[in-house]
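Participant: Residue numbers for the sequence shown follow UniProt numbering, beginning at 1 and rising by one. There's a structure below that I have some questions on.
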Amino acid sequence: MDQKVLVLNGDYTAITLCSVQKAFVLLFLDKAEMVAKSDGTLRTISQAYPKPSIIRLQRYVRVPYKGIALSRHNIFKRDHFECQYCGSTKNLTLDHVVPRSRGGESSWTNLLTACARCNHAKGHHTPNEAGLIIRQQPKKPTLAGFLRLSAGTIDQNWHAYLN
Numbered sequence: 001m002d003q004k005v006l007v008l009n010g011d012y013t014a015i016t017l018c019s020v021q022k023a024f025v026l027l028f029l030d031k032a033e034m035v036a037k038s039d040g041t042l043r044t045i046s047q048a049y050p051k052p053s054i055i056r057l058q059r060y061v062r063v064p065y066k067g068i069a070l071s072r073h074n075i076f077k078r079d080h081f082e083c084q085y086c087g088s089t090k091n092l093t094l095d096h097v098v099p100r101s102r103g104g105e106s107s108w109t110n111l112l113t114a115c116a117r118c119n120h121a122k123g124h125h126t127p128n129e130a131g132l133i134i135r136q137q138p139k140k141p142t143l144a145g146f147l148r149l150s151a152g153t154i155d156q157n158w159h160a161y162l163n
């Protein structure tokens, strides 16, 4: 039951992920309709229901998009919990590409995941000055991309809505 369900707005745009239990309640209360089923069933004492993979809300919900929150955990998630210099997954920290001592800001495009060893070796230099190569340039994730990262395993049915 750790499976996630993709929630679509009334206009079929992806807005969030929820648990199978929450999706079932929305379906049962007629607040959503099932767009795609996943393998398996949900059973009660007297009935069996198909397990949802994608649901669509019956009404369009205006969702004020504020973007993905800039946080330590979200940067680690974007960078797949590995150092962007050497690929290590141990002793992870945040690193400013342009150091704060040189006017670097805390933003999606200037922060990346680094292991403590690489971060210490870089110090207050830029990666080029320290002789380090960034594996993947930091960028701000899209909502669809971040939902893909948050889901863990992605149901095949989701691809049409997350691209």
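Don't be surprised by glycine CBs; every beta carbon is placed ideally from N, CA and C.
When you compare the CB positions of P138 and N119, do they come within less than 8 Å of one another, or not?
Facilitator: no
Participant: How do the segment 97-105 and the segment 64-78 stand: do at least 3 beta-carbon pairs fall below 8 Å, yes or no?
Facilitator: no
Participant: Whose C-beta lies closer than 7 Å to the C-beta of L162 among residues of the same chain, with five residues either side of it excluded?
Facilitator: A14, A144, L147 and R148
Participant: To the nearest angstrom, how far is it from the Cα of K4 to the Cα of V25?
Facilitator: Approximately 14 Å, taken between the alpha carbons.
Participant: Let's test the definition: count the other Cβ atoms within 10 Å of the Cβ of S53 and tell me whether it reaches 16, buried, or not, exposed.
Facilitator: buried
Participant: Can you tell me which residues form a DSSP beta bridge with C115?
Facilitator: L92
Participant: What residues match up with I55 in a beta bridge as DSSP calls it?
Facilitator: V7 and M34
Participant: Going by DSSP, name the residue or residues bridged to Y49.
Facilitator: L42
Participant: To the nearest angstrom, report how far apart P127 and G67 are at their CA atoms.
Facilitator: 28 Å
Participant: For the candidate residues Y12, K22, L29 and A69, whose alpha-carbon lies nearest to that of V61?
Facilitator: Y12
Participant: Excluding the 5 residues flanking A36 on each side, which residues of the same chain have their C-beta closer than 6 Å to its C-beta?
Facilitator: S53, I54 and N157
Participant: Determine whether the beta carbon atoms of L92 and F81 lie at a separation below 8 Å.
Facilitator: yes
Participant: Indicate the three-state DSSP secondary structure (helix, strand or coil) for I68 in the structure shown.
Facilitator: coil
Participant: Does DSSP classify I75 as helix, strand or coil?
Facilitator: helix
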